[in-house]
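A.B. asks:
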Amino acid sequence: MRFAQRMGRLGTETAFEVMVRAKALEAEGRDIVHLEIGEPDFDTPANIADAACEALRAGATHYTPAAGIPELRRAIARDATARRGVAFDPDDVVVTPGGKPIMFFSILALVDEGDEVIYPNPGFPIYESMIQFVGGTALPIQLEEARDFSLDVEKMCDLITPRTRLIILNSPHNPTGGMLARADLEAIADAVRQHPDLIVLSDEIYSRMLYEGEHVSIAALPGMRDRTIVLDGFSKIYAMTGWRLGYGLFPQALAPVVARLMTNSNSCTAAFTQLAGVAALEGPQDASERMVDEFRRRRDVIVRGLNALPGVTCRMPKGAFYAFPNITGTGMSSRELADLLLYEGGVATLAGTAFGSFGEGYIRLSYANSIENIEKALERFKETLARHAKPRGTSRAKTAAVQSAAGKNGATAARARRTGGRAKAPAGANG
Ligand SMILES: Cc1ncc(COP(=O)(O)O)c(C=O)c1O
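One gets this note's numbering by counting positions in the sequence shown from 1 and adding 95 to each.
1. For a minimum of 3 consecutive residues, which ranges assigned as the beta strand (DSSP E) are wholly contained in the segment 306 to 348?
2. By the 10 Å Cβ neighbour count, where 16 or more other Cβ atoms means buried, how is Glu528 classified, buried or exposed?
3. Give the DSSP-derived three-state secondary structure of His290 in the structure shown.
4. Is it buried or exposed, Ala153, if we count other Cβ atoms within 10 angstroms and call 16 or more buried?
5. Would DSSP call Arg491 helix, strand or coil?
6. Using a Cβ-Cβ cut-off of 6 Å (strictly less than) and excluding sequence neighbours within five positions of Lys503, which residues of its own chain qualify?
7. For ligand 1, which residues count as neighbours when the test is a C-beta closer than 6 Å to any heavy atom?
8. Among Thr479, Asp210, Arg173, Leu436, which residue has its Cα nearest to the Cα of Leu130?
9. If you check the beta carbons only, do Gly343 and Ser330 fall under 8 Å apart?
10. Residue range of the beta strand (DSSP E) that Ile422 falls in?
11. Across the segment 348 to 363 and the segment 303 to 319, are there enough close Cβ pairs to call them in contact, namely three or more that are closer than 8 Å?
12. By Cβ distance below 7 Å, which residues in the same chain neighbour Pro257 in space, the five residues on each side in sequence not counted?
13. Please go through the segment 206 to 252 and give each complete alpha helix (DSSP H) segment of 4 or more residues, from N-terminal end onward.
14. Between which residues of its own chain and Lys493 is the CB-CB distance below 6 Å, once the five residues before and five after are set aside?
15. Can you find the residues in the same chain that come closer than 6 Å, C-beta to C-beta, to Trp338, ignoring five residues on each side of it along the sequence?
16. Grab me the residues of Pro420's own chain with a C-beta within less than 7 Å of its C-beta, minus the 5 sequence neighbours each way, in chain order.
17. According to DSSP, what are the bridge partners of Leu445?
18. Sort out for me which residues DSSP pairs Ile263 with in a bridge.
19. Assuming Tyr301 contacts Arg394 (C-beta within less than 8 Å), just tell me the rounded distance between them.
20. Measuring only the C-alpha atoms, how far is Glu455 from Ser429?
21. Using the C-alpha atoms, what's the distance from Arg399 back to Met61?
22. My guess is that Pro215 and Tyr417 are in contact by the Cβ rule of under 8 Å, so how many angstroms apart are they, rounded?
23. Any heavy atom of ligand 3 within a distance shorter than 7 Å of the CB on Thr176?
24. Do you know whose CA, among Ala204, Val442, Arg391, lies nearest Leu349's CA?
25. For Phe476, I'd like the list of residues in its chain whose CB is within less than 7 Å of its CB, leaving aside the five on either flank, ordered along the chain.
26. From Leu445 to Asp388, what does the alpha carbon distance come to, in whole angstroms?
27. Using a Cβ-Cβ cut-off of 7 Å (strictly less than) and excluding sequence neighbours within five positions of Gly414, which residues of its own chain qualify?
28. If you count every other CB in all the chains shown that lies within 10 Å of the CB of Glu478, and 16 or more means buried, which is it?
29. If you follow the beta strand (DSSP E) that Val189 is in, where does it begin and where does it stop?
30. So, under 8 Å CB-CB, Arg322 and Pro346 are touching, yes? Tell me the CB distance rounded to an integer number of Å.
31. Indicate the three-state DSSP secondary structure (helix, strand or coil) for Val396 in the structure shown.
32. Would you mind stating whether Thr156 and Glu211 have Cβ atoms separated by less than 8 Å?
33. Can you give, in chain order, each stretch of the alpha helix (DSSP H) that sits fully within the segment 140 to 177 and has at least 4 residues?
34. Does DSSP classify Thr271 as helix, strand or coil?
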């Protein structure tokens, strides 16, 4: 079949592919600890699920306005105004099935072929995928471990040209757990104000999953409200990944344009899900707070355990629920280690390169799993390293290690052998 050329530029999110591979291993009888996918292991709080059931019974089964029901847009604007300290109007809100479409729609609405977009690397892979898909020029800015996974603002500002349309920020950050400090955001805002056509897409989906410091939204800095798109949603903080409910807070002129993209693609977000969103924002918040407290405990366990492993060092993440250890001391590449951990160790993680080229030398572990499972994963990690760690600088063929692990694991492993342990992805894909 002949595909449109742009499909060759579409990337992917490796987490979903690793999850499929891990589940295939489980179907063969293997015991796998899942630290690959970025979703809370908690159930959605009961008051939210009850609200959805009631909404369904009351007939909330029809189309809604493309930008979302007025009650939810009002609740989101109220919540965002209170949390960020800058006024948002319900008309600025567009509700979408998950936070992800906000990336796609913002880039579609703003970026013409050849326009430039600056985005974090390592970073959420869909940013780069979407930039390239629409024919934009992707300009990665490295998040540096030495800066506690923040970025060099001066270097970032040097990348800005008259063709730069969008700067994508993500704080707290996936995959590193790093955060952007107020001073850095102020410096970025200064640069943005000098370029009238430049907009910031601020991905704040983890803004309530903080273990230290304060969350600062660049939208709240002077003059930035109308130059910023805030991406947020219900997936993480209310453990609602499968519900598909997110939103964007847009500059006034942009919200109706993005609503038109909703009309053209989804028509609307599911009606009963939106009513559950109202219950989430207006109901008690203690379940979310308890979940964040539990993530903090798990963070401490996983980071301590990782730092005790030979050849592994891990910074303390400040937010989200990911650890991003430096594994260069093991002598293995990110991919090599992630494949060994999965096929031999029975621990599903992601290679740092799933988040871009500057992710080499790291792996990502989601600690949205029980302390018992995290401890089991750390023990397996230790055993795997004891069998395979090699002094820095030696270069055993990657496939040899994967093959020896894959050889023990039947059909899935044979597939891994054929692909070098790699899920097939179109050109341009991360991972
Ligand atoms: C940084 C970041 N932004 C956005 C999303 C999208 O979330 P949703 O499931 O609401 O589409 C994710 C999900 O993993 C994420 O990590």
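Note that CB positions come from ideal geometry on N, CA and C, so glycine has one too. In this text the structure is predicted, and so the values were computed from the model without any measurement.
C.D. replies: Let's see:
1. Taken in chain order, the whole beta strand (DSSP E) runs of length 3 or more contained in the segment 306 to 348 are 323 to 328, 341 to 344.
2. No answer is possible for residue 528: it lies beyond the span of the chain, which begins at 96 and ends at 526.
3. Locating residue 290 in the sequence shown gives position 195, counting from the first residue. Coil, per DSSP.
4. Here the question's residue 153 lines up with position 58 in the sequence shown. Ala153 comes out exposed.
5. For the purposes of this step, residue 491 is taken as residue 396 along the sequence shown, with counting starting at 1. A caution first: Arg491 carries a pLDDT of 44, below 50, which makes its placement in the model too unreliable to give a value.
6. Counting from 1 along the sequence shown, the entry for residue 503 is found at position 408. Confidence in Lys503 is poor, its pLDDT being 39 and thus under 50, which makes the residue's placement too unreliable to answer from.
7. Taking each Cβ in turn, the ones that pass are Gly133, Gly193, Gly194, Lys195, Phe219, Asn265, Asn269, Asp298, Ile300, Gly328, Ser330, Thr336, Gly341.
8. Reading the sequence shown from its first residue, position 35 is the one you call residue 130. Considering only alpha carbons, the answer is Leu436.
9. Translated into positions along the sequence shown, residue 343 becomes position 248. Translated into positions along the sequence shown, residue 330 becomes position 235. Result no, Cβ atoms of Gly343 and Ser330 do not sit closer than 8 Å.
10. In the sequence shown, residue 422 corresponds to position 327, counting from 1. Segment: none, Ile422 is in no beta strand (DSSP E) and carries neither H nor E.
11. The way I'd put it, the segment 348 to 363 doesn't touch the segment 303 to 319; fewer than three beta-carbon pairs between them come closer than 8 Å.
12. For the purposes of this step, residue 257 is taken as residue 162 along the sequence shown, with counting starting at 1. In the same chain as Pro257, and ignoring 5 residues on each side of it, no C-beta atom comes closer than 7 Å to its own.
13. For the segment 206 to 252, whole alpha helix (DSSP H) runs of length 4 or above, ordered along the chain, are 220 to 228.
14. The sequence position of residue 493 within the sequence shown is 398, counting from 1. The predicted position of Lys493 is uncertain, since its pLDDT is 41 and thus under 50; a value taken from the coordinates is nonetheless stated next. Correct list, in chain order: Glu431.
15. Residue numbering aside, residue 338 sits at position 243 when the sequence shown is read from its first letter. Same-chain partners within the cutoff: Thr368.
16. Within the sequence shown, the letter at position 325 stands for residue 420. Shown here for Pro420: same chain residues with a beta carbon closer than 7 Å to its own, the five before and five after excluded, namely Leu401, Val407, Thr408, Cys409, Tyr457, Ile458 in chain order.
17. Here the question's residue 445 lines up with position 350 in the sequence shown. Per DSSP, Arg459.
18. Residue numbering aside, residue 263 sits at position 168 when the sequence shown is read from its first letter. Beta-bridge pairing by DSSP links Ile263 to Leu296.
19. Sequence index remark: in the sequence shown, residue 301 carries index 206 (1-based). Sequence index remark: in the sequence shown, residue 394 carries index 299 (1-based). That belief does not hold up - the Cβ atoms of Tyr301 and Arg394 are roughly 13 Å apart, past 8 Å.
20. For the purposes of this step, residue 455 is taken as the residue at position 360 of the sequence shown. For the purposes of this step, residue 429 is taken as the residue at position 334 of the sequence shown. Their backbone Cα atoms lie some 6 Å apart in a straight line.
21. Within the shown structure, residues of the chain are numbered from 96 to 526, placing residue 61 beyond reach of any answer.
22. As a working mapping, residue 215 is identified with position 120 in the sequence shown. As a working mapping, residue 417 is identified with position 322 in the sequence shown. No, Pro215 and Tyr417 are not in contact; Cβ-Cβ is about 14 Å, not under 8 Å.
23. Among the ligands in the structure shown, ligand 3 does not appear; only ligand 1 can be found there.
24. Along the sequence shown, one-based indexing puts residue 349 at 254. With distances taken between Cα atoms, Leu349 lies closest to Ala204.
25. As a first step, residue 476 must be located in the sequence shown, where it is residue number 381. If the five residues before and after Phe476 are omitted, its C-beta is found closer than 7 Å to the C-beta atoms of Leu404, Leu436, Gly440, Val442, all from its own chain and listed in chain order.
26. Counted from its first residue, the sequence shown places residue 445 at position 350. Counted from its first residue, the sequence shown places residue 388 at position 293. One C-alpha to the other measures close to 24 Å.
27. In the sequence shown, the residue the question calls residue 414 occupies position 319. Pro267, Gly272, Met274, Tyr301, Met304, Leu305, Tyr306, listed in sequence order.
28. For the purposes of this step, residue 478 is taken as residue 383 along the sequence shown, with counting starting at 1. When all chains shown are included, Glu478 counts as exposed.
29. Position 94 of the sequence shown, counting from 1, holds the residue named residue 189. Segment 188 to 191, the beta strand (DSSP E) holding Val189.
30. Numbered from 1 along the sequence shown, position 227 holds the residue referred to as residue 322. Numbered from 1 along the sequence shown, position 251 holds the residue referred to as residue 346. Right, the Cβ-Cβ distance comes to about 7 Å (below 8 Å), so this counts as a contact.
31. The count along the sequence shown starts at 1 and reaches residue 396 at position 301. In this structure, Val396 counts as helix in the three-state DSSP scheme.
32. To locate residue 156, count along the sequence shown from 1; it is residue 61. To locate residue 211, count along the sequence shown from 1; it is residue 116. Not a contact, by the Cβ cut-off of 8 Å.
33. If we require 4 residues or more, the alpha helix (DSSP H) runs fully inside the segment 140 to 177 come out as 141 to 152.
34. Here residue 271 refers to the residue found at position 176 when the sequence shown is read from its first residue. Coil.
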